[in-house]
Amino acid sequence: MALAYVLVAPVVIWRLSTVIYPFLSTLYLSFFDNSPVRRTFKFIGFDNYVAMTKDSNVSETLSFTLFFTVTSVTLLVISGLAVAQLLNRRFALRGVARAINLLPWAMAGIVWGVASRWIFDVNYGLVNDLIWRVSGLRPLWLVNVNLARLAVTFADVWKSAPFLAIIFLSGLQGISEELYEAAKIDGADRWRSYWYITLPLLMPLILSMTIFTAIHRILGFEIVYALTQGGPGMSTALMSYTVYLQAFRVLNFGYASAVAIGLFLIVLVAGLFGFRLVRRAWARL
Amino acid sequence: MAIGIPRPSPSRVWRRLVRSIPFYMMLFVFLTIILLPIYYIFLTAFAPGDRLFTQPLSYVPQSLELTRFETVFKGLPIPRYMLNTAVLATTSTLLALFFSFLAAYALARLQFPGANLVMVGLLASTMLPGVTTVIPLFQMYQKLGLMNTLTGLLLLYGSGLLPVTTWVLVSFIKQVPPEVEDAARVDGAGFWPLLFGIVLPLIRPGVATMFLINFIAGWNEFFTPLVFARGPSAKVITMALSEAQVIGSSTQFYQSWGNMSAVAILATIPIFILTLIFQRQIVEGITSGVFK
């Protein structure tokens, strides 16, 4: 028995000191006016939280976070399912195609973020070169608010769709071939058997991954840091990025902590809601 | 040729080929979407001088030049950054695996009060995103002198790997039949030889996949070094990207893209090689992290 505690202790202590304790300190700090430049450390109750509700940076961040999470997760799930279907079929060099699919996943987020800033460049970017060849137009991707939001979304989908594809592919491989053969005998075509067999059986997995990816979108940082710096204005800032700015550019530790706690509450609610939803879906299967 | 199975008639072969055209078209589109941006980064890094900046872009390189790489190596301590990155990714992965393995064995095999709490607590702690811990850690690190040190980064890199690694290893250890351990115990094997001589080799595939996944995660880290590594002694390769923007002929905005692409390639090549070689294990690692 004592041995068990000795074995578990390093992991528990490591996590407590680098995650749990700092988290509680952030919670504590969020009730203070604390800035290393102004050298203040004063208890101000809920003032930071009240200020947050009036801060247009925060409300703009929230609105983009919502937009980004909904559009990106939708596109990710759809393209993930499509790629999984594509890679599940037997063909020569399937192994190679599956390996290529992994490349965006393996590339560092920050590398891809920086590269996509170049790719969305107005004059010499890859995206505008292709659009210009077809339409003669050169959209101002990172200048126009709506286009900047789309650019962040597209870049994110390119990076993360392969991950979902891998998960969905393993889900597809778990579906018995016999089901499809039975459906074929009953005269179902490919679309019907996808709609009535594949999708219902994958649904719990799709829901789990929707929640999982949604939480990761809410927490996104690198893509925004590298591609748009939250701009134009704060129109493409995500919560983590806003916390980072408040903490390490404005050096407003107390206020940044309050925003971080706000982010945590959003993730907590999304997580608990999603967890219940997912558990019900798996139970129904 | 199997006997008794009639050869498909030429018209049927044709029909099958025609029917698979949409599939191959989609496959082509998919591969293009993935590979074209990567190819474009390579093109940018190797394109000579201002060859890059033409409208329309020329996708076929006229010649390959290494001048951007020379500029980057001259202007930044790239070998140092690469070494830091490799050391951090390797040691954090090994340490996290070692301690996760110990914990996972206890959680999988030894009944003890609080085991459930540890399992759930580990999972719940992943719900606390990096930004909710970074400010106190920053203050703590300044007080403890851990800023700009590899040790400081190592503690944070490793910490992030513990929950999932422990969970995955628990499920791997549970798959080992207990009889194997019982037999070894009857033969008089002590606890530590049992752990590292019997159990560890049996779950080697699981350990190997987690090593790969964690190594890649460590290599690609950015947020942690951005906050905690501000001097060259602990900086990593992902941080050289923005630094490459302001070296060499940085007065010209577009020139800096070549330098950044060169760094992007240096940061990416090792990971791509690993990924292509160990494709199977990586897929296994990704899925076991989600399903277990």
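Listed in order, the protein sequences are those of chains A and B. Residues in the first sequence are numbered consecutively from -9, following this note's numbering. Residues in the second sequence are numbered consecutively from -16, following this note's numbering. Even for Gly, the Cβ is constructed at its ideal location relative to N, Cα and C. Remember, it's a predicted structure, so these values are computed and weren't measured experimentally.
For T148/B, the enclosing alpha helix (DSSP H) covers residues 133 to 157.
Contact with chain A is absent for N197/B, since none of that chain's Cβ atoms lies less than 7 angstroms from the residue's Cβ. Secondary structure note for D23/A: its beta strand (DSSP E) is the uninterrupted segment 22 to 25. The count of Cβ pairs closer than 8 angstroms, one atom from the region 5 to 23 of chain A and one from the region 203 to 220 of chain A, stays below three, leaving the stretches out of contact. Within chain A, no C-beta atom comes less than 9 angstroms from the C-beta of V229/B; the nearest is roughly 13 angstroms away.
The alpha helix (DSSP H) runs lying completely inside the region 201 to 246 of chain B and spanning 4 residues or more are 206 to 211, 223 to 227, given in chain order. Secondary structure of T30/A (DSSP, three-state): strand. Counted as a single uninterrupted DSSP element, the stretch harbouring E48/B is not any alpha helix (DSSP H), since DSSP gives it neither H nor E. Contact annotation, T270/B with I156/A: C-beta distance approximately 7 angstroms; criterion of less than 8 angstroms satisfied. For P39/B, the chain A residues whose C-beta falls within less than 9 angstroms of its own C-beta are D119, W122, R123, listed in chain order.
In the DSSP annotation of this structure, Y186/A is not part of any alpha helix (DSSP H), being labelled neither H nor E. The Cβ-Cβ distance between V55/B and N197/B does not fall below 7 angstroms. Using a Cβ-Cβ cut-off of 7 angstroms, N131/B does not count as an interface residue toward chain A, since no Cβ of chain A sits closer than that to its own. Under a criterion of Cβ atoms nearer than 7 angstroms, the residues of chain B adjacent to S15/A are, in order, P119. Using a 10 angstroms sphere on the CB of F36/A, the tally of other CB atoms stays under 16, which defines it as exposed. Neighbourhood of N203/B in chain A, by CB distance below 7 angstroms: A98, G99, in chain order. For T8/A, the nearest beta carbon of chain B is closer than 7 angstroms to its own beta carbon. Distance from the CA of L137/A to the CA of V112/A, rounded to the nearest whole angstrom, comes to 12 angstroms. Contact between I109/A and V101/A fails: their C-beta atoms lie close to 12 angstroms from each other, not under 8 angstroms.
Chain A places no beta carbon closer than 7 angstroms to that of S154/B, leaving this residue out of the contacts. Judged by beta-carbon spacing, S247/A lies within the 7 angstroms limit of L19/A, meaning their Cβ atoms are closer than that value.
In chain order, L105, L106, S108, T109 place their CB closer than 8 angstroms to the CB of P146/B, counting only its own chain and leaving out the 5 sequence neighbours on each side. Going by C-alpha positions, V246/B is about 8 angstroms away from I220/B. What A223/B touches in chain A, judged by beta-carbon distance under 9 angstroms, is nothing: the nearest beta carbon there is about 10 angstroms away. For I24/B, the neighbours in chain A by C-beta distance under 7 angstroms run, in chain order, A105. A distance below 7 angstroms between beta-carbons, with the five flanking residues on each side excluded, links V117/B to the following residues of its chain, in chain order: V210. DSSP places Y114/A in the coil class of the three-state scheme, outside both helix and strand. For W240/B, the nearest beta carbon of chain A is closer than 7 angstroms to its own beta carbon. Distance from the CA of T192/B to the CA of A166/B, rounded to the nearest whole angstrom, comes to 28 angstroms.
In the three-state reduction of the DSSP assignment, G264/A falls in the helix class, which pools H, G and I. Annotation for L159/A: A74, L77, N78 place their beta carbon closer than 7 angstroms to its own, counting only its chain and skipping 5 residues before and after.
Residues of chain B with a Cβ closer than 7 angstroms to the Cβ of L(-3)/A are, in chain order, L85, A86, Y88, A89.
It is roughly 15 angstroms from the alpha-carbon of F33/A to the alpha-carbon of P26/A. Within its own chain, the residues whose Cβ lies closer than 6 angstroms to the Cβ of L65/A, once the five positions on either side in sequence are excluded, are V147, listed in chain order. Look at the region 203 to 228 of chain A: the residues with a C-beta under 7 angstroms from a C-beta of chain B are L209, F211, E212. Close partners of M8/B in chain A (Cβ separation under 9 angstroms) are lacking, with about 11 angstroms as the shortest Cβ gap.
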